[in-house]
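Student: Chains as they are written, first to last, in this note's numbering: chain A, 15 to 41; chain B, 83 to 178.
Idealized CB from N, CA, C, for every residue including glycine.
Because the structure is a prediction, the values reported are computed rather than measured.
Please see the structure below; I have some questions.
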């Protein structure tokens, strides 16, 4: 698991976090 | 504009080998998970590509994850500004 790629849930959480901190970022 | 580009825009940063080995040997905690986020910064002067280390990503384990949390996460630049020029941005389907 520690080397598994990010899960869809993790990826979404990261993208949401980046957009929260950097509102101008488009996806 | 600034945008996340391509299928590799959000990827796992593999943990350091020594930390992983200690965990696998039962001698240490699970290494925290971090993401590498590749952001194309069209608004920068000059425009460039920046990679950020984002995490730790909490709340996930071997059983999968639908409740990831970034409560204590930070966003740290991994490159110097301008180190990767805009022309080297990841391939994006909308570019064609």
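Touching or not, the region 16 to 24 of chain A and the region 148 to 158 of chain B, by the rule of three or more beta carbon pairs under 8 angstroms?
Tutor: At 8 angstroms Cβ cutoff, the stretches touch.
Student: Helix or strand or just coil, what does DSSP make of residue 85(B)?
Tutor: Taking the first residue of the second chain as position 1, residue 85(B) is located at position 3. Residue 85(B): strand per DSSP, three-state reduction.
Student: Could you check whether the Cβ of residue 122(B) sits closer than 7 angstroms to any heavy atom belonging to the ligand SAM?
Tutor: With respect to the ligand SAM, the structure shown offers nothing to examine, as it has no ligands at all.
Student: At 8 angstroms on the CB atoms, spell out the chain A contacts of residue 125(B), in chain order.
Tutor: Stepping through the second chain from its first residue, residue 125(B) is reached at position 43. Under the 8 angstroms cutoff, chain A gives 38.
Student: Is the separation between the beta-carbon of residue 135(B) and that of residue 105(B) shorter than 8 angstroms?
Tutor: Position 53 of the second chain, counted from the first residue, corresponds to residue 135(B). Position 23 of the second chain, counted from the first residue, corresponds to residue 105(B). No, Cβ-Cβ distance for residue 135(B) and residue 105(B) is not below 8 angstroms.
Student: When you compare only the Cα positions, how much space is there between residue 160(B) and residue 132(B)?
Tutor: Taking the second chain and counting its residues from 1, the one referred to as residue 160(B) is at position 78. Taking the second chain and counting its residues from 1, the one referred to as residue 132(B) is at position 50. About 7 angstroms.
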